[in-house]
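Notes follow the structure.
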Amino acid sequence: MMEDRRLKTLLFKAGRLTQEQYEKARGYQTQAGGSLAEALERTEAFRPDELVGIVAEQSGRCVVNLANCHLGKEVLEVLPKAFCKKRTVIPFSVYEKTLTVAVEDPFDINLLDDLRKVTDRKINVVIARPGQIAKMVDLLYDREEDHLLNVAGQVEKEFSAGAAADRAPETGVIVNLDDNVTEESAPIIRLANQIVEDAFRRGASDVHIEPFPDEIVVRVRVDGELETLMKMSTAASRAIVSRLKIMAKLDIAERRLPQDGRIAFTAFSRKGTDLELRVSTLPVADGEKVVMRLIDKSGVQLGLDTLGFKNDNLVNYRRLIRQPYGMILHVGPTGSGKTTTLYGALSEINLPGINIQTAEDPIEYRIKGINQSQMRSNIGYTFARAIRSFLRQDPDVILVGEIRDLETANAAVQASLTGHLLFSTLHTNDAVSTITRFINMGIDPFLIGSSLLCICAQRLMRRLCTCAEERPITESETKIMSALPDKAAPAALKHAKGCAACRGTGYRGRIGVHELLIVNDEIRELVNDSISESAIHQAALRSGMTPLHEDALFKVSAGVTSLEEALSVVRIV
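The following block contains the structure:
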């Protein structure tokens, strides 16, 4: 759908939106994140698909249902898939020098200008329903391509002939492979590519390729949960692992030690997928396990508005990241969204007049205008050494990927006390325990209190799919929801149901949960005096901090996620 500001202006101008409806939707959006269009539908200001009709009415364009249209190969060839996915557009028809495209936002002048430049044609516009273009791009552009199960079947067929003679009679497990079947065999190459492409299409963050005595299991992590993508016989185990090692420039002969590498997937994909993979191999009982982290370089969202911050937290956080010096820490377990939030913060303050230096391991996304440095501990280039070097590079802002030891902590504190704004991360459970971690590392409490601006503890929860069903709240749920400050539990809660769009899980996408501890004079004095965690926690609550569990319950109350999901992510106290 179109951007929030443009949609708001259009609806008010058309007299279709009241101030009360807008404020209610903004309240939901503050808690849940996402777009204004989604918030308006979730708060029942508009029926599903009603907004697209209003946009069509105001723009003078017609609405099309792409699911009922036949788009030929010659039409799709006008625009590459990568462009269509990135800009949310799909070619609809071609007649002489006129190209008709389906878009979600007919008022996006920049998109129309780019289409004219890319195609050298006159552009006509029709409107598609929200979310339909992305689905149809994947479906239509891939319909002539090999799909995962077909490719896997070809691999099984190629391997079966040579493997039959090599089975151990007592176990049936393949012990050797045919010499003619290698990691360079065409089906193996296609299977490796197809595994990555299918995982990417599902929105996976990681791919696990796991060997077991009688099968290989490929699992993908989607919205934080692992699900099985496929299974195949052990015959192809060594070849598929070797193929991925070749792509990652690893030693295929070394099977006894773990290895780490990277794959620039654009070089291997026929579909122009701008994707990078961090590859880790590990020797296990039945071969080598491979885990790949997928980093979508074209589709990363760096806006703080999309991360699920409550409105007051977002206002305070934006104020703090514009301070001239001090330390801002993000804490939480692996996979809690810390790096994404930090990239969002840096993108907001990335101005021509500011010198930003980052020390990362690894560099996940490249941001134009920021000096990003990859750590190499094997040659002594560590976080602590990078900070000391940065201080000779005239920085305004420094990002340190993680504070792991006393040396790095000391360097970070000193940098923040000498006129630099420093961002970093730690693995602690909540905001207050981060202070204790620093003290246990050996940092003087006075230096901690003087350098800290804020600590943001965070987690990621799955969002409910639109298929979620609402049920009356039970007595036990009421007791849990009474932990909210106003003690007023809602009359009903939404629960996961499951549909084709969410593959039966009941959830689509994730949203952040945050606990923002702002270090004020009272908290600074408590830290300097090494007062207990509980006293600091109470002072933070008095100053307006929303604990993690309350932020999670706010999102449950707003229907963004389920109580079951909240309980699986945060501890309700």
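Under the working numbering, the sequence shown has 372 at position 352, and the numbering climbs by one with no breaks. Glycine included, C-beta positions come from ideal geometry on N, C-alpha and C.
Helix, strand or coil for Gln-377, going by three-state DSSP, please let me know. strand
For Val-335, does the count of other Cβ atoms within 10 angstroms reach 16, so buried, or fall short, so exposed? exposed
Residues near Arg-275 by beta carbon distance below 7 Å, same chain, minus five either side: Pro-303 and Glu-308
Per DSSP, Phe-127 forms a beta bridge with which residues? Paired residue(s): none; Phe-127 is not in a bridge.
Look up His-569 in the DSSP assignment and say whether it is helix, strand or coil. helix
Residues sharing a beta bridge with Pro-492, DSSP: Ala-512
Alpha-carbon to alpha-carbon, Asp-571 and Ile-500: 13 Å
By Cβ distance below 7 Å, which residues in the same chain neighbour Glu-384 in space, the five residues on each side in sequence not counted? Ile-315 and Thr-359
Candidates Ile-455, Phe-410, His-228 and Asp-381, of which the one nearest Glu-422 by Cα: Asp-381
Pairs of beta-carbons, one from the region 342-360 and one from the region 471-479, closer than 8 Å: are there three or more? yes
Please list the terminal residues of the continuous beta strand (DSSP E) segment that includes Val-417. 417-420
Can you look up Glu-190 in the DSSP assignment and give me helix, strand or coil? Low local confidence applies: a pLDDT of 35 at Glu-190 is under 50, so the model's placement there is unreliable, with the coordinate-based value given in what follows. In the structure shown, Glu-190 sits in coil (DSSP, three-state: anything other than H, G, I, E or B).
Near Val-576, what residues of its chain come up, given a Cβ to Cβ distance below 6 Å and the 5 sequence neighbours on each side ignored? Leu-583 and Ala-586
Selected residue, minimal CA-CA separation from Ala-379, among Leu-442, Thr-50, Leu-437 and Asp-24: Leu-442
Terminal residues of the alpha helix (DSSP H) in which Gly-80 lies: Note, Gly-80: premise wrong, no alpha helix (DSSP H); not H, not E.
Backbone secondary structure at Leu-442 - three-state DSSP: strand
Please confirm if the region 256-263 is in contact with the region 548-562, defined as three or more CB-CB distances below 8 Å between the two stretches. no
Check each candidate in Ala-512, Gly-524, Pro-231 and Asn-213 and name the one with the smallest Cα separation from Ala-256. Pro-231
Beta-carbon within less than 7 Å of Ile-455's beta-carbon, same chain only, minus the 5 sequence neighbours each way: which residues are those? Ile-468, Val-547 and Ile-556
So, Thr-498 versus Arg-528, is the Cβ gap smaller than 9 Å? no
With distances taken Cα to Cα, identify the nearest neighbour of Ile-418 among Phe-127, Val-84, Ser-409 and Lys-514. Ser-409
From Leu-480 to Gly-532, what does the alpha carbon distance come to, in whole angstroms? 5 Å
Is the beta carbon of Leu-366 less than 9 Å from the beta carbon of Ile-399? no
From Ala-560, Leu-484, Gly-564 and Ala-509, residue whose alpha carbon lies closest to that of Gly-526: Leu-484
Whole-number beta carbon distance between Val-84 and Val-146, since they are thought to touch under 8 Å: 5 Å
Assuming the contact rule is C-beta atoms closer than 8 Å, Leu-241 and Ser-225 should be a hit. Round their C-beta distance to whole Å, please. One detail in the question is off: residue 241 reads as Arg in this sequence, not Leu. At roughly 5 Å, the Cβ-Cβ gap stays under 8 Å, so Arg-241 and Ser-225 are in contact.
Leaving out five residues on either side along the sequence, give the residues of the same chain with a beta carbon under 6 Å from the beta carbon of Met-565. Leu-537
Span separating the alpha-carbon of Leu-37 from that of Pro-278: 58 Å
Do the region 41-49 and the region 68-77 meet, that is, are 3 or more Cβ pairs less than 8 Å apart? no
I need the DSSP call for Ser-289, collapsed to helix, strand or coil. coil
Just list the residues that DSSP pairs Ile-463 with in beta bridges. In the DSSP output, where bridge partners are listed per residue, Ile-463 has none listed.
Report, in whole angstroms, the separation of the C-beta atoms of Ser-453 and Glu-553, which I expect to be a contact under 8 Å. 6 Å
Whole angstroms is fine: what's the gap from Thr-248's alpha carbon to Pro-207's? 21 Å
Exposure of Leu-246, with buried meaning 16 or more beta-carbon neighbours within 10 Å: exposed
According to DSSP, simplified to helix, strand and coil, what is Gly-207? According to the sequence provided, residue 207 is Pro. The question's Gly does not apply to it. Residue state, collapsed to three classes: helix.
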